[in-house]
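Visitor: Counting from 1 along the sequence shown, just add 1070 to a position and that's the residue number in the working numbering.
Cβ coordinates follow ideal geometry from the N, Cα and C atoms, glycine included.
None of these values were measured; they are calculated from a predicted model.
Can you keep this structure in mind? I'll have questions shortly.
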Amino acid sequence: MGKRRPACCALCGELRLVTREHVVPRGLYPDSKASSRFQRIVIPTCHTCNNGTADDDAHFRNVVTIAGDANPAVKELWDGPIMRSFGQVDGRRRALDLYALMQPVPQDPSNRYRIYPGSDPRILGTLRKIVRGLSHHHGLRSAVRDDEVFADVLKANVPDEIVLSLQAGDAEPDILSYRYGRIEDSPGLESGWLLRFYERTMFIGLVFESAAVKRRLEADGALARLQADIAQTIGP
């Protein structure tokens, strides 16, 4: 853990002793990235906001690495830390956590399985935390609360011209690339995020001005429609 100092926590906004913590969990990077000159995205967070997330971060890594074709970073992770983790005391639990999200592909003679990251609250919680950290990092809003963020697997195609109109960022392109923008014409919504892990697995994040607005839209069934309308609601 880094040296603690008094400052406002980027996640809760309280003046507390903070350390510089990674927005993108460090476990998502293979060992070969240790020599990279890329400046990792870090924010000041307090012990309360950052405590107890290591297990969820490892689970997120395990799930996202098998949620699509493997690029070199994924192959290195599977050949190294992920396989080693299955041999540890909690390895069986981690493997069962993965299996619980897998379902057989219908009518597939090769008996393949598909994994559904969006059905796991732990995966979505890690995604929300990443979006909250990125919101602070890019100066959109600090101290975004967890219950002010919606996150899910991207279920609607976004036209290329819309994607290209958004601000681009990455935490090393083969690990995480993302697009983001302020939402100007949908009351209660502040920003939208498209996150792509390992060059193929896409998620969406939406930041609301308050938890009350998010709850109201959830109750009205509007959040599902927002994914389909994302091309119209995110502006450059």
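In whole angstroms, what is the alpha-carbon distance linking Leu1194 and Gln1177?
Guide: If I take the Cα positions, the gap works out to 29 Å.
Visitor: Do the CB positions of Arg1249 and Leu1259 come within less than 8 Å of each other?
Guide: Against a cut-off of 8 Å, the Cβ pair of Leu1259 and Arg1249 comes out as no contact.
Visitor: When you compare the CB positions of Glu1146 and Ile1113, do they come within less than 8 Å of one another, or not?
Guide: Not closer than 8 Å, so no.
Visitor: For Gly1251 and Val1093, which I take to be in contact (beta-carbon distance under 8 Å), what is that distance rounded to the nearest angstrom?
Guide: About 18 Å; that fails the 8 Å criterion.
Visitor: For the beta strand (DSSP E) containing Ser1261, name the first residue and the last one.
Guide: Element bounds for Ser1261: 1259–1267.
Visitor: Report the residue ranges of all beta strand (DSSP E) runs contained in full by the segment 1092–1166; include only those spanning at least 3 residues, in chain order.
Guide: DSSP runs (the beta strand (DSSP E)) wholly in the segment 1092–1166: 1112–1116.
Visitor: Just the Cα atoms here: how many angstroms apart are Glu1242 and Gly1275?
Guide: When rounded, the distance between both Cα atoms is 19 Å.
Visitor: Under the rule that 16 or more other beta-carbon atoms within 10 Å means buried, what is Asn1132, buried or exposed?
Guide: It counts as buried.
Visitor: Check whether the segment 1074–1083 and the segment 1213–1230 are in contact - that is, three or more C-beta pairs closer than 8 Å.
Guide: In short, these stretches touch, since the Cβ pair count reaches three.
Visitor: Give the DSSP bridge partners of Gln1237, in chain order.
Guide: Looking at the DSSP assignment, Gln1237 forms a beta bridge with Tyr1250.
Visitor: Whole angstroms is fine: what's the gap from Thr1271's alpha carbon to Leu1264's?
Guide: If you take the alpha carbons of Thr1271 and Leu1264, they lie about 10 Å apart.
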